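In the numbering used here, the protein residues as written are 96 to 254.
Some notes on the structure that comes next.
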């Protein structure tokens with residue numbers, strides 16, 4: 096079974112999650128930033144797509160890719176992941192952002208966690224973070240969820 100993992104990342108959390116999943120899979124996997132992906136969807140049985148959630152939205156490159164390829168994606172096993180945002184809201188946030196053709200497939204959505212890296216944030220983002228009582232960089236990456244997803248994609252859901 097061949098798996099494609101596509102991500103769209105602003106500060107690296109979605110990319111980190113995608114790479115962690117890919118590195119821990121035993122089966123055939125291809126990983127790419129959605130903005131540079133040039134392969135054929137026909138070559139893959141499973142397509143994992145993930146994006147950071149920024150201001151309540153997934154990144155435009157991922158949304159554009161999903162919309163442009165919705166018909167081809169309907170015939171695949173689809174898995175989604177979201178980075179950033181609030182953990183308990185990640186499913187509803189990403190589901191309202193994807194094309195309706197994919198929403199009806201009810202794909203599983205995994206949470207990648209979130210990272211506040213003040214070195215990568217612009218002034219406005221740091222201001223918002225401080226308003227949310229975040230005073231310094233924080234790393235809440237969910238490696239456990241990445242390992243669980245890798246096992247599920249390999250057919251071992253209980254690892």
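Note that beta-carbon positions come from the ideal geometry of N, C-alpha and C, so glycine has one too.
Source: prediction; values computed, not measured.
| Check | Outcome |
| --- | --- |
| DSSP beta-bridge partners of residue 128 | 102 |
| Cβ pair residue 248, residue 103 closer than 8 Å | no |
| Alpha-carbon spacing of residue 187 relative to residue 151, whole angstroms | 10 Å |
| When 245, 222, 197 and 134 are compared against residue 205, the one with the closest alpha-carbon | 245 |
| Residue 236 in three-state terms, based on DSSP | strand |
| Residue 144, enclosing beta strand (DSSP E) - first and last residue | 141-149 |
| Span separating the alpha-carbon of residue 149 from that of residue 138 | 31 Å |
| Per DSSP, cross-strand counterpart(s) of residue 176 | 145 and 205 |
| Residue(s) in a DSSP beta bridge with residue 153 | 148 |
| Beta-carbon gap between residue 169 and residue 141 smaller than 8 Å | no |
| Span of the alpha helix (DSSP H) around residue 193 | That residue, residue 193, is in no alpha helix (DSSP H); it is neither H nor E in DSSP. |
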